[in-house]
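As you go down the protein sequences, you meet chains Z and D in turn. For the first sequence, this note's numbering gives the first residue as 1, with consecutive numbering after it. For the second sequence, this note's numbering gives the first residue as 1, with consecutive numbering after it. Idealized CB from N, CA, C, for every residue including glycine. Note that the structure is a prediction, hence the values are computed from the model and not measured.
There are 2 protein chains.
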Amino acid sequence: MKKYSEFSKSELLSEKEALEKQYKEYKDRGLKLDLSRGKPNSDQLDVSQAILSLPSSREKCFSKSGLDCRNYGVLDGLPEMKRLFADMLGIKEEYVTVGGNSSLQLMYDTIARAMIFGVEGSVRPWCMEEKKKWICVTPGYDRHFKMTEVFGFELLSVKMTETGPDMDEVERLVLDPSVKGIWCVPKYSNPTGNTYSDETVRRLASMKCAAPDFRIMWDNAYAVHDLGEEGDKLLDIFAEAEKCGNLDRIFYFTSTSKITFPGGGVSMLACSVANQKQISKYLGVQTIGYDKINQLRHTEYFADSEAVHSHMMKLGELIGKKFEITLSSLETLRGYGIAEWTEPRGGYFVSLNVLPGTAKRVYELMSEAGVVLTPVGATYPYGIDPKDENLRIAPTYPTDAELKTATEILALTVRLAAVESYLN
Amino acid sequence: MKKYSEFSKSELLSEKEALEKQYKEYKDRGLKLDLSRGKPNSDQLDVSQAILSLPSSREKCFSKSGLDCRNYGVLDGLPEMKRLFADMLGIKEEYVTVGGNSSLQLMYDTIARAMIFGVEGSVRPWCMEEKKKWICVTPGYDRHFKMTEVFGFELLSVKMTETGPDMDEVERLVLDPSVKGIWCVPKYSNPTGNTYSDETVRRLASMKCAAPDFRIMWDNAYAVHDLGEEGDKLLDIFAEAEKCGNLDRIFYFTSTSKITFPGGGVSMLACSVANQKQISKYLGVQTIGYDKINQLRHTEYFADSEAVHSHMMKLGELIGKKFEITLSSLETLRGYGIAEWTEPRGGYFVSLNVLPGTAKRVYELMSEAGVVLTPVGATYPYGIDPKDENLRIAPTYPTDAELKTATEILALTVRLAAVESYLN
C-alpha cells in the first residue's frame, strides 16, 4: 500500500473526492455520538449493582472490630478496607489511608495542604515559594495538569515514551530546586495506555532531586484494570524508593471509581509513615472521617483482592470488546503513513497520533459529523498540543454499535484531514 | 435552701465528708461511662436503618432527569437533593451546592480555598495577609476554633449571651480589617443550646465590616434538630443579608450527619451566586463530583422536608429523654449557688457552668470515678477556659441508665469541687 506522502497531486485529489463522498453519507445521518468521556457505560455499572444492597443487614454495619460504622469515628479508614487496597496494589497496609469517593479530591487536598503548610521536608509552605514548577508527562491527564496550573505551578512537559516518561529529561529537570513534583499514571497511562518499565520506576524512585520536598504523585488509577488475564506488571515504587531512602517522595493514589461506581466508590492515599504523621495534623482538622458505610459495602462485596480480580475480568470482557472495535477501525489507517496508535492491554483509553498539524481538523470534521472527541490539546499542559497531532479516544461510554460507527468516521476523517494537509 | 457561699466552715466540712462518702461509693463501682461525645447512640441510628437498603432498585439509581447516578457527572449536586436542603432550611435552592459526607470538610475546603486563592472580594489570598484574625463565640465548638487556629488565624473570643454572640463586641471587632470572619452555630448552639435572636441575625447580616472579604461561617448543624414540635425559630440570614447588600458575606453549612448517619450523610454549602461563581473555578479542579448515590438514598427516603420533620420527631423522642435525665440530675444542684446550666429545646448539648475555678477539678473527680467528660477548655479558643467554669455535657451517646448514673455523679462532683474551693 502506498503512503499518502507518496501520492501525486491528482491521486490526492481523487482520494479526497472519494473520502468526502463517504464523509457526506455519515454526516447526512445526523449522528450524535461521544468518544470524549472516560466513563463507563451503564452496562459496566450493572456488573456492580449488587453492592448497592449492602450492608446486607444491621449486623453488617459493624466493622470486624465491632465498631458501628453508621457513627462517627476512624479517621484513616477501616482496617478491612486498608487491607483490601494493600492486597490489590501489593503495598504495605501501614501506608494506606482510606479517603472519600474521589482520589482526585485526595490529590487536590494533598497539594492544597502542601500549598498552605508544606509537606514533610519543606522549608516553607509551597504558596510562599517565589517560583514553583511541576513536571507533566505528555500526552497525559488533563485534570492533573489543570490542577497544578490552578495552584500556580509552571508546567514543564516531558515526553511519554514506550517505557514511561523520558527519564533523561526528568532527571535533568529535577536538578532545579523549584521543581516540586511530577504527575504519573504509571499503569495503562491516560491516554497512552502504556505501563512504566521497571527501569523507569527505579529511576523515578532513585533520582537526585534538588528540592528537599519533591513529590511523585503516583496516580495508579488503572492498577487492576486489565482487559485479560495477561495484564501489564508494574514495579512497586515504595519498595524501590525505600531502598534509596526516598520513601517520603511517594504519594500513591487509587480508587474503586472504575471498579465499582465513579463517584460512588472509595479512594486511597498511600504514603510513608513520616508523610502520614505530617498530614495527620491537618487531616483531623479537615474532617471527622470519611464514609465508612461505603467502605463496608466494598469490603462485604469484595472478600479479597482475588474477588476484585474476578470482577475486573467481567468488566474486562465488556471493555475489551470496545477496544477491539476501536482498534479494528483504526486498523484501516495502516499503510497510509499518517497515523500511529497504542494498543493497550488495559485502562480506559487509546491514544491516536495523526499527521502533525491535522488533529484540530479531525476534531472539527468529527464535530460536524456529530461525534464529540476529547478537545485537542487537552492531553497537554495549558491545553496546547505543540504538534497538533494527539487525539485521546475514550471507547468505554458508547454502545458497541455507536462505537463502531464513531470509530469508522474517525478513521475516515483522519485520512481526509491528512489528504487536505498534503494538498495545501 | 442555703447557698454554699453562706455555709460556715464547719458546715462546709461536714458537707464535704458527706459528699466524699457518696463519691467513694460511686468510685468503688469501677464505672466506665462517657459524657464527652456529641454522637448518637446506636438506637438513634437504627431509626434510619432503612435508608441503607436504598436505592431500592436499578431504576432508582437514575435521577429525576434520567441521569445514571452510578456514573460521573453533576458537580454541584442533584436537583432533588438541593431542593430537599432548601426546603429544610427555608433558603433558596439556587444557593445550594451539595457536598460529600462531611460539612466540616466543606468548611475546611472553603477556608483552604480562601487561603490559597482568596474569596469573592479579596484583595489577596488569605495566606498572603500579614495578620489575620477570626472571631470565636465562646463557649463554642472546638473543631471550629482548632481549624482557624491551624490555618494561622489569631482567635478572638466573644461571649455567648442568651440571644447569641455579644453583638456590641462583634461590631467593634469587625472594624479591624484583619478580622476575616466569625464562626456561628446559630441554632441550638454547641454547647450552649441557645438560638440566635432575630435581632442578632439582623445585626450580623448588616454590620459594617472593615475587611471587604469578611465571612460568616454559618454552621446550622442543628437546623431541624428540635426535641419536640415547639422548636426554636431562626431568622433567614440570607434574606437579611440581601436587604443590606451583604449577601456574599454568608457561607451557610449543614448536613444530615445527625439526621441519618454521622459520616454516612450528605453535606451542603449554600452561598450567593457570586460566591458560587468564584468557588466553581476551583471546585471543578478539586473533584469530578460528590457521591450522588448517597444523595439518591436520602431523596428516596425523604420525600420532602415534612418527612425529615417526622423523622426528627422520632429522634427527638429518644434524645429528649436523655436531656430530661440530664436536667433532672442537674436540678439537684439548684439552690447551692454554684452552678448554672442551659435547658435547650433541641441540638445535642447541655452547657454547665460550675463555680469559677472548679471545672478542671470536676473533670478530674469525674475521671477518677470513671466518667469521661469533654476536656475543660475545649469549648474555648486555644483550649483555655479563662474562668475554668464551663463543662459541655453530651447526653446522646450513653444509654439512659448509664446517663442517669453519670449525671448523678456529675452533680455530686460539682458540689464536692465547690465545697473544696470554699474551704481553700
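Which residues in chain D sit within 7 Å of G289 (chain Z), going by Cβ to Cβ distance?
G263
Which stretch, first to last residue, makes up the alpha helix (DSSP H) that contains I279 (chain D)?
273-286
Please work out which residues of its chain come closer than 7 Å, Cβ to Cβ, to D142 (chain Z), disregarding the five sequence neighbours upstream and downstream, and give them in chain order.
A378, T379
Does the beta carbon of Q49 (chain D) sit closer than 8 Å to a beta carbon anywhere in chain Z?
yes
Proximal residues of chain D, C-beta to C-beta of C127 (chain Z) below 9 Å:
M115, I116, P125, C127, M128
In chain B, what lies closer than 8 Å to K292 (chain Z) by C-beta?
Although the question refers to chain B, the structure presented lacks it and instead comprises the protein chains Z and D.
Neighbourhood of G263 (chain Z) by C-beta distance below 8 Å, restricted to the same chain and skipping five residues each side:
N101, S102, S257
Answer yes if the segment 358-374 of chain D comes into contact with the segment 26-44 of chain D, meaning at least three C-beta pairs across the two stretches below 8 Å, and no otherwise.
yes
Any C-beta of chain D sitting closer than 8 Å to the C-beta of M147 (chain Z)?
yes
Report the partner residues of K133 (chain Z) according to the DSSP bridge assignment.
Z:E154, Z:V179
Can you check DSSP and say which residues form a bridge with T374 (chain Z)?
In DSSP, T374 (chain Z) forms no bridge with anything.
Residue range of the beta strand (DSSP E) that includes T192 (chain D):
Neither: T192 (chain D) is in no beta strand (DSSP E) and is coded neither H nor E.
In the segment 341-369 of chain Z, which residue ranges form an unbroken beta strand (DSSP E) of at least 3 residues, counting only runs that do not cross its ends?
350-353
Y290 (chain Z) (DSSP reduced to helix, strand or coil):
coil
Segment contact flag, the segment 55-70 of chain Z with the segment 74-93 of chain D, C-beta cutoff 8 Å, min 3 pairs:
no
Element boundaries [beta strand (DSSP E), containing S53 (chain Z)]:
Taken as a continuous stretch (DSSP letters only), S53 (chain Z) belongs to no beta strand (DSSP E), as it is neither H nor E.
Below 7 Å on C-beta distance, what does R70 (chain Z) contact in chain D?
L45, F261, G264
Step through the CB atoms of chain Z and report whether any lies within less than 8 Å of the CB of L52 (chain D).
yes
Interface residues of chain D facing A112 (chain Z) [CB-CB closer than 9 Å]:
D109, A112, R113, M115, I116, Q286
Contact with chain Z by K39 (chain D), beta-carbon distance below 8 Å
yes
Strictly below 7 Å CB to CB, what residues from chain Z border Q105 (chain D)?
Q286, T287
Measuring only between beta-carbons, confirm whether P212 (chain D) sits less than 8 Å from chain Z.
no
Taking the C-alpha atoms as reference points, what is the distance between Y4 (chain D) and Y95 (chain Z)?
57 Å
Close-in-space but distant-in-sequence residues of the same chain around D76 (chain D) (CB under 7 Å, 5 per side omitted)
T97, V98
Closer than 8 Å, Cβ to any Cβ of chain D: which residues of the segment 132-163 of chain Z, in chain order?
R143, K146, M147, V150, F151
Going by C-alpha to C-alpha distance, which of Z:V119, Z:E120, Z:H311, Z:M128 sits closest to F117 (chain D)?
Z:M128
Spatial neighbours of T110 (chain Z) in its chain, beta-carbon cut-off 6 Å, leaving aside the 5 residues before and after
F251
Compare the beta carbon distance of S351 (chain D) and W341 (chain D) with 8 Å and say whether it is the shorter of the two.
yes
Do you know whose CA, among Z:Q276, Z:T260, Z:A369, Z:A221, lies nearest F253 (chain Z)'s CA?
Z:A221
Can you tell me the Cβ-Cβ gap for D198 (chain D) and G346 (chain D), rounded? I've got them flagged as a contact below 8 Å.
Not really, about 17 Å apart at Cβ, beyond 8 Å.
Short CB-CB distance (under 8 Å) between P55 (chain Z) and chain D
yes
Taking the alpha-carbon positions, what's the Q440 (chain D) to I293 (chain D) distance?
The displayed coordinates of chain D run from 1 to 424. Any statement about residue 440 (chain D) would go beyond what the structure contains.
Closest Cα partner of F238 (chain Z) within the set Z:K360, Z:Y108, Z:K314, Z:K92
Z:K92
Quick check: is the beta carbon of G377 (chain D) nearer than 8 Å to any beta carbon in chain Z?
no
Following the continuous beta strand (DSSP E) through V419 (chain Z), name the residue where it begins and the one where it ends.
Looking at the DSSP string, V419 (chain Z) is not in any beta strand (DSSP E); the run it does join, the alpha helix (DSSP H), is 400-423.
Residue nearest to V179 (chain Z) in terms of C-alpha spacing, selected from Z:F153, Z:T195, Z:C271
Z:F153
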